[in-house]
Structures are given as C-alpha cells and as structure tokens.
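I have placed the structure first, in the form of structure tokens, so that the comments after it can refer back to it.
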Amino acid sequence: MFVTRPQSDYHINMKRKSTLQKWLIAVIAIIVFSPLVYWLTGIGQRAGGLSAAVVAADGTLHNSPKAEALHALVLPIRIEKLVVYPVLMFLLQFSGWAVRWRNRIERWTFRITRRENRWTRTLAAALFIAWVTVVITVIYLPFSIYGFVLRRQFGLSNQTFSAWGRDFSVGWGLGLLTNWVLYGGLFALINLSPRRWHLWAGAAFMAFAFGYILLEPVVITPLFYKITPLTDEALRHRIDTMAARAGITIDDVRVINASSKTSAVNAYFTGFGKASKIVLWDTLLKNHPPDEVDMVIAHEMGHWVHRHVLWYVLGGSSALWLGLFALRWWLNRVWRRMGWRSPGDVAAYPYLLGVVALVSALILPIANGISRAAENQADDFALKIGGKPQAAAQMFERFAVENVSMITVPEWEKIIFYTHPPLGERIRKAIGE
Ligand SMILES: [Zn+2]
36 MFVTRPQSDY HINMKRKSTL QKWLIAVIAI IVFSPLVYWL TGIGQRAGGL
86 SAAVVAADGT LHNSPKAEAL HALVLPIRIE KLVVYPVLMF LLQFSGWAVR
136 WRNRIERWTF RITRRENRWT RTLAAALFIA WVTVVITVIY LPFSIYGFVL
186 RRQFGLSNQT FSAWGRDFSV GWGLGLLTNW VLYGGLFALI NLSPRRWHLW
236 AGAAFMAFAF GYILLEPVVI TPLFYKITPL TDEALRHRID TMAARAGITI
286 DDVRVINASS KTSAVNAYFT GFGKASKIVL WDTLLKNHPP DEVDMVIAHE
336 MGHWVHRHVL WYVLGGSSAL WLGLFALRWW LNRVWRRMGW RSPGDVAAYP
386 YLLGVVALVS ALILPIANGI SRAAENQADD FALKIGGKPQ AAAQMFERFA
436 VENVSMITVP EWEKIIFYTH PPLGERIRKA IGE
C-alpha cells in the first residue's frame, strides 16, 4: 500500500525559501533595470534645452521647467529606493541566501587559515560584511552610474566619468569601513554582553558620532576636496562684525573647492564648542555678491548659536538607544526561527540593514520635521543678525537656479523628504509675506 506522509517542516521551509528566491531575483532585476527605464523616458536627455529661470515676466516665482523635469525623475527614484531597499534586504535574509553565504565564507576562511577559533571567526564575519556590501554595491551600480549621468544631464556636475569613478571608489571604501565599525562592532557587543549590549552600543554610537563629526572636516572632506582656511580679508572682516553683533566668536571658516566638481552652491556648519566650523563652497564665493554671501554665513551662524549639531547628535543617540532596546527584545524573540546561531550572528546583517532602512524611512517625517524647524530657526537668526532680507530672497532665487531646485512642492512631499523648507517658503519669509 502507498501511504503519503505529511510534509515535514523542513520541506515546507524549503518550498517557501525557493519561492522567496524567485522574488529575490525579481526584485534584483527591478533594481538593476529601473535606471534604464528612467533613462528611456528621455526626460534627462532633454534637460539641457530647458530653462532654469524661476522668475516669470510678471515677477512671480514658479518652478523652472528644468527643476520640474529633474523632480519628475528624482521623486520616483527616491520613493523606489525607500520601498525596495528594505524588501531586498529582507529577501536576502528569508530566502536563506544570507545564512548560506555566511556558511560558505566561514568554511572557506577556516580552510585557508587552517584554524577555527575566535580570530578566524571574526575574520569570517568581517569578510561576510564585506561580501554583502559588494553584492549591494553591484546591484545598485546601474543606479549609481545613472545618478552621475543625471547630474551631468542637468548641469549639476562637471566631473568626468573617471573622476566620478575615483570618488565613488573612495566613498565605497569609506562606506565599508563604516559598516565594519558600526555593524561589526554591534555584533561583537551582542556576543560580548548578551544582556546589556544595547546600553554599550548606544554609548559607543554616541562616541562614534562625536568622533566622526570632529574628524570629518580633517580626514574625510580632504579625500574629495581641497579644504583651506578663508583668505578673503574683506569677508573675514564682515564675518567678525556680524559675529560681534551676535555675541559669538567665529574663528574657523573654511572653503572647499567644490567648483572642481559642480556648479551647485552650498555651505554648512559643523562641529561643536571649540571645534565649530563654517564651511563654504567656493562656488558660493565666486557666483554670489557679498550681501548674499553674508546672509548665507548669518544662516550658518544661526546653527552655531543654537548648537544644532550638538543637539542633533544627542537627540539622535537618545532615539537610537530606545531603538536598540526594542531591537534587543526583537532579536531575542526571532533569532532561532531565522536560522541564526545566536542574536549576535553576523548572518543577521542583511536583516539588520533592512530593519534600519525601514525604521529610518518610517521616521523620515519626524527627522525631517525637526531638521526643517532647525533650518527655520537659522533663517530667522540670519534675518535678525544679517538684516538684508532682499539679499536673502535674491540668494534663494539664485539657489533654485544653480541647484535646479523646486520653489514649491506638494505638502506631503515636503513633510517626508525635505530637510529644508522649500525655497518658496524661505523667500516668502525673507520678504515678510
Ligand atoms: Zn542650514
């Protein structure tokens, strides 16, 4: 007699995994080919002939046709990345690929080193993180190249492909190093202190963030740009005058040679306490009259006075602490079912990347809301201390042209994606409408 046996858990699992592997391959295909779809729309190819002007004949402001075109491509790209990236990570995990890769890399490491101990296991974990980074980079390579093409099409980049490739490679190396420190460190802490790792990890992240902010202008920016102290004496004098009015001393202003790569304009404030700095792109100094430069610096002084960077690190780290607490609870619940050896198994790396991406996407409206509030505060400060509202409005108009930015966007888009208030809002505030 022929008796069919009920399918074992193992077989159900294998079936589920092979379905998920098909999904994984479909998602990879979507990511690899969608840049081609964006390119085939022809929007980018026509960008060169579009006007970037934002002031109409009657003096009113509107989105330039060029900014509208860029926006028509960038918004779907942003949404796609936000949704598809976590899906890719979860599929890498649930299809069983992550565990399989981890096993293979371990066997291979043990064979080559002829040892199986704590050190070779750590080496295998580091290699696994590097391998996952390589896989993600390869899957997203068409997107990275398309980003370069898009910036060239819209006149935002004057780099050659090889110069871009060099920057991309350096950035990739930095990214891998960061992943090793952050995620490798996280897995190490989970294994060293299974009960309290979330506390240590929160403290370690805060130290990392402070260290990164202090080192960034000294170590990382010079990998991409020449960064030099401000030499313009007249501007230096104007800065000192404004700073005196604000009751602060600004001793560190630097200029980076952004014009070697782009015609876009920017400036930023970084650091805290004695290590505070204002960094200006040379494109700002070259293409804007002194009054406008003053208003940009007054804005950055606003960030300085309100200690925005310090609050950002402290607030971000506190939120992260809560997140780590929840993560510990969650990992302890699921690790067995996921086929991991412990909650601190490096095979969980893609899963963690997915969780971080998903949570970051969900809290985007909150994080960006806080960022926009800080930017508003800096704008208010600039108008109070700089006192040149017309120059501020002029500057924002010029920004919209040079950076091919939108003057207005739908409210939902502002809430989710905008770290700064849209330029139209900033202009209206400057001229007191
Ligand atoms: Zn700002």
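If you count the sequence shown from 1, you need to add 35 to reach the numbering used here. Yeah, the Cβ is synthetic: ideal placement off N, Cα and C, and Gly gets one too.
Where does residue 316 sit, in a helix, a strand or coil, going by DSSP?
-> strand
From residue 409 to residue 339, what does the alpha carbon distance come to, in whole angstroms?
-> 11 Å
Take residue 429 and list the residues in its own chain whose beta-carbon comes closer than 7 Å to its own, dropping the five residues that flank it on each side.
-> 327
Count the other CB atoms within 10 Å of the CB of residue 86; is the residue buried (16 or more) or exposed (fewer)?
-> exposed
For residue 198, I'd like the list of residues in its chain whose CB is within less than 8 Å of its CB, leaving aside the five on either flank, ordered along the chain.
-> 296
Same chain, Cβ closer than 6 Å to residue 263, five either side skipped, listed in chain order | 290
Return helix, strand or coil for residue 289, following the three-state DSSP convention.
-> strand
Can you give me the Cβ contacts of residue 196 inside the same chain, cut-off strictly under 8 Å, excluding the 5 residues immediately before and after it?
-> 183
Specify the secondary structure class of residue 170 as computed by DSSP and reduced to three states.
-> helix
Can you tell which of 70, 407, 96 has its C-alpha closest to the C-alpha of residue 176?
-> 70
Which residues in the same chain as residue 394 place their Cβ atom closer than 7 Å to its Cβ, once the five residues preceding and following it in sequence are excluded?
-> 358
Are the stretch 360–369 and the stretch 447–458 touching, with three or more C-beta to C-beta distances below 8 Å?
-> no
Which two residues bound the contiguous beta strand (DSSP E) that contains residue 262?
-> 262–264
Tell me the start and end of each unbroken alpha helix (DSSP H) in the stretch 112–163 that is at least 4 residues and wholly inside, in chain order.
-> 132–148
Among 168, 160, 54, 193, nearest to residue 131 - alpha-carbon criterion | 54
In angstroms, rounded to a whole number, what distance separates the CA positions of residue 84 and residue 466?
-> 32 Å
Are there 16 or more other CB atoms within 10 angstroms of the CB of residue 284, so buried, or fewer, so exposed?
-> exposed
Are the beta-carbon atoms belonging to residue 421 and residue 287 less than 8 Å from one another?
-> no
Taking contact to mean at least 3 C-beta pairs separated by less than 8 Å, is the stretch 335–351 in contact with the stretch 299–317?
-> yes
Nearest-angstrom Cα separation, counted from residue 242 out to residue 135 = 34 Å
Where does residue 203 fall in DSSP's three states?
-> helix
Distance, residue 332 Cα to residue 143 Cα = 55 Å
Comparing alpha-carbon positions, which option in 126, 446, 443, 439 lies nearest residue 190?
-> 439
Going by DSSP, name the residue or residues bridged to residue 302.
-> 315
Tell me which same chain residues have a C-beta within less than 8 Å of the C-beta of residue 82, skipping the five on either side of it?
-> 101, 104, 105, 188, 189, 190
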